[in-house]
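Residue numbers (the working numbering): 597 to 821.
Written as structure tokens, this is what we have:
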């Protein structure tokens, strides 16, 4: 994929799995919640949930276990387990994130977050990781009509930044997120987390990188063009 002919001026970040090492915490929380209800939520199935809005992921869980599965109870147990995981382990930032944010702030590059989490989840997670103040805009799945892989989150992020989507770089870790940002018209850099990129994600991403350390110089180059 090539970059947009429009000069790139801003960066939009995914949250879970891209900036923050939260996916293993979510996975452990949901697997423990399922186990408490007498069910096994296996690793392979969990990978299919990554990048999708929480409400859609919960619907998938309900369909996976069948109509008798107590989804409301699972949701409450999963939330309780999540807070327990955060209390026990904290929330780690991904390698290279903080230097990248420092680099963008020093250059006065506008920044936003586009996350599949709800506004409440995102606010709590970003506060717990001391990142909330580092972004001008935080767009969440309950603020748009459709979550990822639809483009709505990234289109709204661009609108709030006051820029066309083609003027934005998107940083993503999931297939659904790459599709969302690419469909919106952004230049997408992918840093995979738990899941290997699909062929579609490979074709839609401008570059696939091993970590945010490699993203920093590439973003500097793209913004300078």
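For every residue, glycine included, the Cβ atom is placed at its ideal position computed from N, Cα and C. Small disclaimer: the values here were computed from a predicted structure and weren't measured.
Asked                                                                                                                                                                  : Found
Helix, strand or coil, according to DSSP, for residue 689 in the structure here?                                                                                       : strand
Could you please give the first and the last residue of the uninterrupted alpha helix (DSSP H) stretch that includes residue 641?                                      : 639 to 643
Alpha carbon to alpha carbon, how far is residue 702 from residue 773?                                                                                                 : 27 Å
So residue 735 is in the beta strand (DSSP E); what residue range does that whole segment cover?                                                                       : 733 to 736
Straight-line CA distance for residue 769 to residue 811?                                                                                                              : 12 Å
First and last residue of the alpha helix (DSSP H) that includes residue 819?                                                                                          : 808 to 820
Sorted by chain position, which residues of the same chain lie with C-beta nearer than 8 Å to residue 806's C-beta, five sequence neighbours on each side aside?       : 787
If residue 715 and residue 738 are in contact, beta carbons under 8 Å, what's the gap, nearest whole angstrom?                                                         : 6 Å
Contact defined as beta carbons within less than 8 Å: I believe residue 803 pairs with residue 819. What is the distance between those atoms, to the nearest angstrom? : Contact doesn't hold; Cβ gap of about 14 Å is too wide.
Suppose only complete runs of 4+ residues qualify. What are the alpha helix (DSSP H) ranges in the stretch 702 to 736, listed by chain order?                          : 715 to 724
Buried or exposed for residue 619, please, with buried defined as at least 16 other CB atoms from any protein chain shown within 10 angstroms of its CB.               : buried
Exposed or buried, residue 690, counting other C-beta atoms within 10 Å across all chains shown (16 or more means buried)?                                             : buried
Looking at residue 740 and residue 767, is the spacing between their C-beta atoms short of 9 Å?                                                                        : no
Between the alpha carbons of residue 792 and residue 653, how many angstroms are there, rounded?                                                                       : 19 Å
Can you give me the Cβ contacts of residue 610 inside the same chain, cut-off strictly under 7 Å, excluding the 5 residues immediately before and after it?            : 710, 711, 767, 768, 769 and 773
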